[in-house]
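As structure tokens, the structure follows; a few thoughts come after it.
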Amino acid sequence: MQVNDVEIIISAVRAEQYPETGLPEIAFVGRSNVGKSSLINTLLKRNKVARTSSVPGKTQTINFYRLNQDLHFVDVPGFGYAKVSKADRAKFATMIEQYLQTRKQLAGVVQLVDGRREPTELDESMYQYLKYYEVPTLVVSTKIDKVKKNQWNKTESQARKGLHLNAATPWIPFSSQTKVGYDEVWAWIEQQCGL
Ligand code: GDP
């Protein structure tokens with residue numbers, strides 16, 4: 001997709017702040033440091049739209065970006081950062097859950113897992129949660145440039161096994177450095193949004 005115009009609409013802390021344009025939305029979720037900002041910036045062909053805060057996981061806002069007049073990207077900040085207090089984590093989990101459960105125009109979620117590692121329990125809970133609420137999900141293994149190409153099959157089976165992926169859930173290897181996976185991720189997004 002040709003993205004001519006990107007605007008951050010709001011960094012929301014409450015549901016009342018979510019934009020009401022009704023545009024279809026694609027949300028991005030994953031553990032802190034998984035490569036989410038890099039993936040979003042790569043998809044937008046821009047360097048600094050999505051930014052990791054200096055303390056990962058600390059900025060607990062849901063960021064809405066408008067792409068042309070076509071769709072929103074929704075950057076759900078990384079979960080699982082150890083230094084965030086338990087109380088903050090619980091508050092944050094509630095905010096994400098509320099968003100995922102109630103957002104009518106949510107067209108799909110891109111869930112990122114680190115391609116170099118086995119998925120964690122938190123990754124699995126996230127995926128199972130999305131499955132339970134029947135949110136169309138794409139699983140992306142990030143930093144795939146760090147994995148030899150003949151090991152990508154193994155990366156896929158690790159992701160499928162570790163998350164207990166539904167066979168129908170697509171999986172795409174991605175690298176923000178080599179841009180591998182760029183076309184495939186965009187194709188999925190466009191399909192979900194009916195673009
Ligand atoms: P976020 O916390 O999930 O938003 O992660 P970032 O996008 O900020 O990336 C976290 C770290 O992983 C940074 O040091 C990035 O340079 C690195 N990183 C992100 N994507 C890739 C990738 O595709 N390949 C490699 N080798 N490193 C990456």
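Heads up: the sequence shown begins at 1 in UniProt numbering, then just goes up one per residue. Glycine residues also receive a C-beta, built at the ideal position from the N, C-alpha and C atoms.
- prompt: Applying the criterion that 16 or more other CB atoms from any shown protein chain within 10 Å of the CB defines a buried residue, is threonine 42 buried or exposed?
  reply: If you number the sequence shown from 1, residue 42 lands on position 42. By the C-beta density criterion, threonine 42 is buried, having at least 16 other C-beta atoms within 10 angstroms.
message: Does histidine 164 pass the burial test, meaning 16 or more other C-beta atoms within 10 Å, or should it be called exposed?
response: Stepping through the sequence shown from its first residue, residue 164 is reached at position 164. Exposed, since its Cβ has fewer than 16 Cβ neighbours within 10 Å.
task: Tell me, to the nearest whole angstrom, how far the beta carbon of aspartate 70 is from that of leucine 195; I am working on the premise that it is less than 8 Å.
output: If you number the sequence shown from 1, residue 70 lands on position 70. If you number the sequence shown from 1, residue 195 lands on position 195. A Cβ-Cβ distance of about 6 Å is found for the pair aspartate 70 and leucine 195, placing them in contact under the 8 Å criterion.
- prompt: Which stretch, first to last residue, makes up the beta strand (DSSP E) that contains isoleucine 8?
  reply: If you number the sequence shown from 1, residue 8 lands on position 8. First-last of the beta strand (DSSP E) with isoleucine 8: 6 to 12.
message: Quick check on tyrosine 127: buried or exposed, where buried means 16 or more other Cβ atoms within 10 Å of its Cβ?
response: In the sequence shown, residue 127 corresponds to position 127, counting from 1. The Cβ neighbour count for tyrosine 127, taken over all protein chains shown within 10 Å, is at least 16; the residue is labelled buried.
field: Distance cut-off 6 Å: aspartate 88 Cβ against heavy atoms of ligand 1
entry: Within the sequence shown, numbered from 1, the residue matching residue 88 stands at position 88. Not so, every heavy atom of ligand 1 lies at least 6 Å from the Cβ.
task: Give the DSSP-derived three-state secondary structure of glutamine 98 in the structure shown.
output: Within the sequence shown, the letter at position 98 stands for residue 98. Helix, per DSSP.
- request: Provide the residue span of the alpha helix (DSSP H) that contains tyrosine 132, from first to last.
  value: What you label residue 132 is simply residue 132 of the sequence shown in a count that begins at 1. Note, tyrosine 132: alpha helix (DSSP H), 121 to 132.
Meets three-Cβ-pair contact criterion under 8 Å: the segment 4 to 14 and the segment 59 to 66: A contact exists between the segment 4 to 14 and the segment 59 to 66.
query: Would DSSP call valine 49 helix, strand or coil?
result: Numbered from 1 along the sequence shown, position 49 holds the residue referred to as residue 49. If DSSP states are grouped into helix, strand and coil, valine 49 belongs with coil.
query: Can you name the start and end residues of the alpha helix (DSSP H) that asparagine 153 belongs to?
result: If you number the sequence shown from 1, residue 153 lands on position 153. Unbroken alpha helix (DSSP H) run through asparagine 153: 152 to 163.
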